[in-house]
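To start, the structure under review is shown below, and the notes come after it.
Number of protein chains: 2
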Amino acid sequence: MSDTKTVGVIGGLGPVATLDFFERILNRTRATREQDHLRLLIDNNTKVPDRNAFMRGDGPSPAPALASSARGLQVAGADFIVMACNTAHAWEAEIRAAISVPFLSIIDETVKVVADLRPEAVGVLAGDACVAAGLYQNALKTAGVRCIMPDANTQKSLMELIYRIKSGDTGETVRRASAKIAQKLEAQGAEVIIAGCTEIPIVLTADDIEGELVNSTDVLVERTIVFAGGELKA
Amino acid sequence: MSDTKTVGVIGGLGPVATLDFFERILNRTRATREQDHLRLLIDNNTKVPDRNAFMRGDGPSPAPALASSARGLQVAGADFIVMACNTAHAWEAEIRAAISVPFLSIIDETVKVVADLRPEAVGVLAGDACVAAGLYQNALKTAGVRCIMPDANTQKSLMELIYRIKSGDTGETVRRASAKIAQKLEAQGAEVIIAGCTEIPIVLTADDIEGELVNSTDVLVERTIVFAGGELKA
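In structure tokens, the structure reads:
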């Protein structure tokens, strides 16, 4: 297992989601000794300007910080880069331009998993900037899957929940409110729900909904382990 | 808070202890927005050769990997370096030689906290290589504190527990067995117990013993936040 690739993780977007990603990587890797685990270089870069604020016209662009983070990880020895945040994939082009190692997209990998389920329609829970950038809408369209987005008011409530989770509030109230939004999309015909923001799976689980939940964090965790040459725990 | 220092963390020694360190940093930092959290560069370097095996004469030296990890973190932007592992501080000189930024020692910071408690004697729970290198024994001697180490058989049991925690077994059996070893040192006169291995506080808490528990991970967490210029949560 010593010939596995070193994973570079752009994180801190937010830090709790990064911790969650790291924990899921450890839990999903088959390992009997610590040397069996993947080497991860994690940049918990909490100084990246707020992505959603920028999209609202209320702050600087996160692009330079994200590109610099990616470059730093490569310089420190990362063989490929992932980012534990869906929304920040709006700046995927700037990140790819800053590195010469591969970049694994959480959006593309998640949509691949969803497309394999061949649903009639899929509901997307994502942050404002992720929605505004059309990341899931475009990728699902290319994959030929109809997508259902929350209406404006529901999206507003969802964004409030995301900020609460980012600040560390992962209690029952936040969990129930997230579940209610997912169930609303199911009532509109969504057979699959994408947890398309790495904050959401911290509170929302498959038990909270009727149909299938595709957790973008878990998809990235599995793809990262496989791409690095590690072994998935059954 | 944007003027806080970036922390470089040599980790993966083992990965669960690194995850634990990261989580404790997040929990101990006063933050209302993700930007209030510290920027951490974490090298979860699971490919560092086994420190305890090397001390037994059963494997290569971890020194080059630790030095390279420290250097990589500095190159990637770390303003100072910490290491989420007590034992690996046996190679502190090699790490310091590889970097030009400060290095905060978990051993020195922990002993400072213990010395302030002015105990008659202190019990040390640490890994074999940490004991063999005399890390705590020497630092405590310099501080004028008498230390009580587990006898050979007890140390053997402790090392087995540490390997179990490293492999992910953090259940009740492991917790009870760790507590029993700490209580044995208390029976020998230790007024303070040092959890001097970052795996131990994953299972052992202050409730498990009579006297005071000084958790080296928590000490390093607090000193790291303060040194970086972050704010401690009350």
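Protein chains in written order, with our numbering: chain A, 1 to 234; chain B, 235 to 468. Heads up, the beta-carbon is just placed ideally off N, CA and C, and yes, glycines get one too.
Your pair GLU433 (chain B) and ILE399 (chain B) checks out as a contact, with CB atoms roughly 4 Å apart and the cut at 8 Å. For the segment 307-333 of chain B, residues whose beta-carbon sits nearer than 8 Å to a beta-carbon of chain A comprise LEU307, VAL309, ALA310, GLY311. No residue range can be given for GLU120 (chain A), since it is assigned to no alpha helix (DSSP H) and is classified by DSSP as neither H nor E. By the Cβ test, the segment 4-21 of chain A is not in contact with the segment 283-290 of chain B, since fewer than three Cβ pairs between them sit closer than 8 Å. Looking only at A:THR32, A:VAL7, A:GLU172, A:GLY196, the smallest Cα-Cα distance to HIS89 (chain A) is reached by A:GLY196.
Residue burial annotation: ARG258 (chain B) is buried, with at least 16 other C-beta atoms found within 10 angstroms of its C-beta. When Cβ-Cβ separations below 9 Å define contact, PRO298 (chain B) makes no contact with chain A. Contact note: VAL250 (chain B) reaches chain A through LEU26, using a C-beta cutoff of 7 Å and chain order.
LYS400 (chain B) reaches chain A at ARG33, GLU34, counting residues in chain order whose Cβ is nearer than 9 Å. Segment contact: the segment 416-424 of chain B against the segment 370-384 of chain B, three or more CB-CB distances shorter than 8 Å; contact assigned. Secondary structure of MET55 (chain A) (DSSP, three-state): helix. Counting C-beta pairs with one atom in each stretch, the segment 237-246 of chain B and the segment 293-308 of chain B have three or more that are closer than 8 Å, which means they touch.
Within the same chain, and ignoring the five residues on either side of THR4 (chain A) in sequence, the residues whose Cβ sits closer than 8 Å to its Cβ are LEU38, ARG39, ALA228, GLY229, GLY230.
Residue contact with chain A for ILE244 (chain B): absent (no Cβ-Cβ distance below 9 Å to any residue of chain A). Selection B:ASP254, B:ASP385, B:ASP342 evaluated against TYR370 (chain B) yields B:ASP342 as nearest (Cα-Cα). From the beta-carbon of LEU232 (chain A), no residue of chain B is found nearer than 9 Å; the closest lies around 15 Å away.
Here DSSP, grouped into helix, strand and coil, assigns GLY245 (chain B) to strand.
Contacts with chain A at 9 Å (Cβ-Cβ) include LEU253 (chain B). Under a criterion of Cβ atoms nearer than 7 Å, no residue of chain A is adjacent to ASN449 (chain B); the nearest Cβ is some 19 Å distant.
Closest by C-alpha distance to ILE396 (chain B), out of B:GLU326, B:ALA468, B:THR321, is B:THR321. Contact between the segment 205-217 of chain A and the segment 95-104 of chain A is not established, with fewer than three Cβ pairs separated by less than 8 Å.
For CYS319 (chain B), there is no enclosing alpha helix (DSSP H), as DSSP marks it with neither H nor E. In the DSSP assignment, VAL379 (chain B) falls outside any beta strand (DSSP E), carrying neither H nor E. If you ignore the 5 residues before and after ARG30 (chain A), its C-beta comes within less than 6 Å of the C-beta of GLU231, LYS233, all in its own chain and listed in chain order. Under the 9 Å criterion on CB atoms, LEU359 (chain B) is classed as non-interfacial with respect to chain A.
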